[in-house]
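Okay, so here's the structure we're looking at.
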């Protein structure tokens, strides 16, 4: 029977200030993580009293609206992932208060076969029940799991059943409306309208149990000769013989289907105690029940919503500590990814202490060390203008294969200090054979140009998706025609001609999508110009292309490619033709698309540029930092690798393409340029 006064107003009982205060104490004691709003329990605590009063007022006057859910993927022991959806702290308080009232109404009505998420019930009791039924002669077992249970609970029948259960009580309409609001709001975050409840919500265990209670009822009533033991979405049905266990499988499948659910085929099977099975961290074999050998490992994985929230909170704390350390390193010029250390602030010097590189900032009459980093954590150190490198640091860089590009004020490398490239003569010869054979060079060059043009087309599609700018749509049609002509190009000069005609279309279309008018001199007559750059957009494009080129130079050297032997770009003294080849497919996603973003987001501002006396334009010192930071953040994004199918960061993808280029030259798999999705 329900443990609630039948004359009680459930909504007022759930939203009393003292109940909200008790709920807050429980949420605080659980030490859970922040929600999507970033508010932690520690941040909530100083003004908790006022916040709880505000929450109660909004609940009562109907202005309460839940925050979006914070979504995570938590790895499971079987290699799959569980999606955790975490409400904000303020919403967890409200849901905890409501749960405390609903539990007194709903739990007494649940079937005895259910053991999870219930006061006074436990894993030990479920295990004991199975042992008891075994001793009574139930030797065959249907072991089952409801597939993606939390994700697939349909809202309409769940809400209808809650409404029926609460109907005898005053205030039930407001309480049902509140529950429905949480379900609908959560579905927006989960992008699953009408289905799914959030794993991570204090209310979800009770609602999930309540929804499956109808399954329990139907099964128990229709199959009195079988025994059911359920723990959340995992269950076992015990039978006296194999045929009855097989019948239980069909029956359970039919009942679940009637409730919009299904069985997980990979976790559902029929077995006997003679063969043994695992359930709830225990191994059942013949007359024995022992803790599973994997139980210790299982116990280390978060299970309940509270454990999951604490797990995320601990991970948040680790991330905050790592971010604080990263912020210190970034302030000194270090960036992750390919592990680049940028010395661009005037007065900074690269030094050496105890075999570790250090960054020292010089000031009148004093100096201070900003960073000390071992050579294993850095691959490239860029020395900008008005910065210096001490002799010992240079020698350490040479000894540890750490590249030292010396960069001018335009972001271009004046030269690169690197160890001699003499260990990969075989690969260099293979590159040379590809370049010197007309057919081999044409084949590789065509693959490179094809990737470049397809990515130009994809970038224009992406940037123009919402605007549908007519002056961008027409060049896209011409780009399609040019891509189709590549297959009939007879030599590399003809390919370069196609690339040039496509570039003219592309650049005029791209600048149409650039919002600040001051970024270019004339949209209709825009030309891509490297030196001297006539406008701010060209300056930023040059800077980003230089950063991209140095990344690919470092990767090419790391994997033994000769930087000077290229297929599309001709080898020339002082040139990096191979690097220019590798850059082609990455220019649109990593330089040109980023440049448009930096301008359109107002990260790059007009104040960062100044005119030259001769009518040109230059970028001031204030522009270097935003471009470098923007580039590094851009490269930290995940992307699906077309080779492995896994999510990788951009520098990992660049490295995969460098390796593929080398394999092509060695006679391996033909090179495939990376192509962006629309």
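In our numbering, the protein residues as written are 149 to 826. All C-beta atoms in this analysis are idealised placements derived from N, C-alpha and C, irrespective of residue type, glycine included. All values derive from a computational prediction rather than experimental measurement.
8 angstroms Cβ cutoff met for residue i and residue j
i	j	result
residue 633	residue 646	yes
residue 694	residue 560	yes
residue 351	residue 243	yes
residue 363	residue 375	no
residue 507	residue 515	no
residue 498	residue 531	yes
residue 704	residue 597	no
residue 821	residue 747	no
residue 639	residue 590	yes
residue 742	residue 692	yes
residue 731	residue 689	no
residue 810	residue 707	yes
residue 183	residue 235	yes
DSSP state of residue i mapped onto helix, strand, coil
i	result
residue 349	strand
residue 539	helix
residue 797	strand
residue 241	helix
residue 563	strand
residue 729	helix
residue 789	coil
residue 678	coil
residue 493	coil
residue 718	coil
residue 278	helix
residue 269	coil
residue 448	Its pLDDT being 37, under 50, residue 448 is placed unreliably by the model, and the measurement read from it follows with that caveat. Helix at residue 448.
residue 484	Residue placement at residue 484 is poorly supported in this model, since its pLDDT is 48, which falls under 50; the coordinates still yield a value, given next. Residue 484: coil per DSSP, three-state reduction.
residue 500	strand
residue 312	helix
residue 149	Any reading at residue 149 is ruled out, since the residue's pLDDT is 43, under 50, leaving its predicted position unreliable.
residue 170	helix
residue 699	helix
residue 212	coil
residue 185	coil
residue 198	helix
residue 813	helix
residue 724	coil
residue 818	coil
residue 358	helix
residue 691	helix
residue 663	coil
residue 751	coil
residue 824	coil
residue 708	coil
residue 205	helix
residue 806	helix
residue 713	coil
Endpoints, the alpha helix (DSSP H) within which residue i is located
i	result
residue 321	320 to 338
residue 744	741 to 748
residue 284	First-last for residue 284: undefined, no H or E at that position.
residue 782	772 to 783
residue 581	573 to 584
For residue i, the first and last residue of its enclosing beta strand (DSSP E)
i	result
residue 430	430 to 433
residue 514	514 to 522
residue 293	288 to 293
residue 767	765 to 767
residue 757	757 to 759
For residue i: DSSP bridge partner residues
i	result
residue 553	564
residue 219	233
residue 177	Residue 177 is not bridged to any residue.
residue 262	378
residue 529	489
residue 157	318
residue 508	497, 517
residue 343	302
Neighbour flag for residue i against chain B, beta carbons, 8 angstroms
i	result
residue 561	Reference to chain B is not applicable here, since this structure consists of a single protein chain.
**Report entry** Ordered list of beta strand (DSSP E) runs contained in the region 597 to 659, each at least 3 residues
**Finding:** Here no run is fully enclosed.
**Report entry** Complete runs of the beta strand (DSSP E) confined to the region 380 to 444 [at least 3 residues]
**Finding:** 382 to 387, 417 to 420, 425 to 427, 430 to 433, 436 to 439
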